[in-house]
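Peer 1: If you read the sequence shown in the working numbering, its first letter stands for residue 18, the second for the next number, and so on.
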Amino acid sequence: MGSLPAGRPIKGGDTMKIIAKYHALYDPPLLQLWIHDAPHRRMHIKVIQRYRKDLYEAVRHTSIGRSLPINHPIELEVLFSNPSTPDLGNAYLALEQALDDCTLTKPGIVKDDSLIQKVVMAKYFPGDPKK
């Protein structure tokens with residue numbers, strides 16, 4: 018399992034934290050991500066680039082870490098905890114940009130985002146429910 022316990026500021030004092038697990042024995046292999054304070058796709062490209070660096074560091078500490086970028090089909094499960102947008106589509110598009118080795122500054126996590134065969138994602142907003 019890889020993780021970034023400290024995180025880096027992303028917006029207004031919040032910090033992004035990422036936990037990653039890679040399950041190589043699944044067919045296709047499964048990459049699981051838990052991302053706290055994930056950005057959305059409309060944020061500045063520098064924010065998405067920093068997101069990529071944090072994702073890379075978390076995934077680098079998993080069993081696939083020495084073989085990045087991933088160049089074979091995978092499945093992806095992601096939980097966005099307290100994302101910067103309530104829209105899962107915008108949160109996923111930012112993640113896809115950050116994962117894809119063909120965009121932004123290298124290195125990426127996946128050689129091409131077309132290698133992601135299946136995505137299961139959810140969002141969670143911790144804290145008091147709004148009244």
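Where a beta carbon is used, it is the ideal one built from N, C-alpha and C, also for glycine.
1. CA-CA distance, leucine 105 and threonine 122?
2. Whole angstroms is fine: what's the gap from leucine 72's alpha carbon to isoleucine 126's?
3. Let's test the definition: count the other Cβ atoms within 10 Å of the Cβ of serine 131 and tell me whether it reaches 16, buried, or not, exposed.
4. Using the beta-carbon count (16 or more within 10 Å), is glycine 29 buried or exposed?
5. With lysine 128 as the anchor, note down where its alpha helix (DSSP H) starts and where it stops.
6. Pick out the complete beta strand (DSSP E) segments inside the region 55 to 117, 3 residues or longer, and give them in chain order.
7. For valine 64, which residues from the same chain have a beta carbon less than 6 Å from its beta carbon, with the 5 sequence-adjacent residues on both sides left out?
8. Glutamate 94 and valine 137 look like a contact to me (Cβ under 8 Å); what is the Cβ gap, rounded to whole Å?
9. Tell me whether threonine 32 sits in a helix, a strand or coil according to DSSP, three-state version.
10. DSSP three-state call for lysine 123: helix, strand or coil?
11. I'd like the list of long-range same chain contacts for serine 80, defined as Cβ closer than 7 Å, with 5 residues on each side in sequence excluded.
12. From what residue to what residue does the beta strand (DSSP E) around leucine 48 run?
13. For glutamine 66 and proline 143, what's the separation of their Cα atoms in angstroms?
14. Which residues in the same chain as glutamine 114 place their Cβ atom closer than 6 Å to its Cβ, once the five residues preceding and following it in sequence are excluded?
Peer 2: On the basis of the data shown:
1. 24 Å
2. 8 Å
3. exposed
4. Per-residue confidence for glycine 29 stands at a pLDDT of 38, beneath the threshold of 50, marking its modelled position as unreliable; no derived number is given.
5. Per DSSP, lysine 128 belongs to no alpha helix (DSSP H) and is neither H nor E.
6. 91 to 98
7. Pro56
8. 5 Å
9. strand
10. coil
11. Tyr39 and Ala41
12. 47 to 53
13. 26 Å
14. Ile65 and Thr120
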